[in-house]
Amino acid sequence: MSKLSNVLMMLQLLQNKRKYSIKELSEKLEVSPRMIRQYKDELEYAGIYIETIYGPYGGYVLNQDVKIPEKFIKPENIKLENKEYYNVLSKCINSHNKCYIEYYSKEHDKMTKRIIRPYNLIVLDNEWGVAAYCENKQEIRHFYLNRITLIKELDEKF
C-alpha cells in the first residue's frame, strides 16, 4: 500500500479508542516500527494528535474523533464519468509514476496544468477523486476525476 493508504489505515485502526503497540500496528500494516512512528508524525503534522503511552505495555491511543472516509463504499452510489482516467491514475499509483493533468479549477474558473504524484483513488462527494501531491502547489491536494480534461502518464518516478 502507499504511504497515504497506510496512514489512513492506521488512523482507522486507532478510531476504536483501543491502545495499539507499535509492533501490533507495524504487523497489521506490514511495515517497520520506524514507519509507524513516521505515520504518527505525519498525522500530528496534520493536526491529529495521538497519545503515546510509555512503558512495557505502552502504545498509541487516539483520544479524539476524526472523520475519515469509509474504505468500502457501494459502487452504484459513485459516479465515474471517465474510466480511462481512472485506469491511468490507478496504473500510475501502482507504478509510482508522475502524471501531467489539465484540471478545471472551479474556484478560479480556469484550466490549470499540473504535475501530480498520485497516491490513492478516493471518493469525494460520491464522485471519484485522487489524492495526490501537486508539484505546482507543493502540497497534497484532492482532484475530482470529472474535472480532469487531459491526463498523461510521465516516465518520471516518485
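With my numbering applied, the sequence shown corresponds to residues 7 to 164, in that order.
We put the beta carbon where it would ideally sit given N, CA and C, even for glycine.
- As summarised for the region 99–124, the continuous beta strand (DSSP E) elements at least 3 residues long and confined to that stretch are 103–111, given in chain order.
- In the displayed model, residue 147 falls within a strand according to three-state DSSP.
- Taking residue 72 as reference, the option from 63, 92, 110, 16 with the minimal CA-CA separation is 16.
- Secondary structure of residue 12 (DSSP, three-state): helix.
- The Cβ-Cβ distance between residue 54 and residue 42 does not fall below 7 Å.
- In the assembly as shown, residue 40 is an exposed residue. Its beta-carbon has fewer than 16 other beta-carbons within 10 Å.
- With a cutoff of 7 Å on beta-carbon distance, residue 133 and residue 119 are scored as not near each other.
- Shown here, residue 86 sits in coil according to DSSP, grouped into three states, outside any helix or strand.
- Between the alpha carbons of residue 161 and residue 63 lies a gap of roughly 47 Å.
- For residue 57, no alpha helix (DSSP H) run applies; the uninterrupted beta strand (DSSP E) run containing it begins and ends at 56–59, by DSSP.
- Under the DSSP assignment, residue 159 falls in the beta strand (DSSP E) whose first and last residues are 154–163.
- In the displayed model, residue 129 falls within a strand according to three-state DSSP.
- Apart from the 5 residues on each side of it in sequence, residue 91 sits with its Cβ closer than 8 Å to the Cβ of 151, 154, 157 in its chain, given in chain order.
- The closest CA to that of residue 145, considering only 131, 135, 122, 126, is found on 122.
- In this structure, the beta-carbon distance from residue 127 to residue 136 falls below 7 Å.
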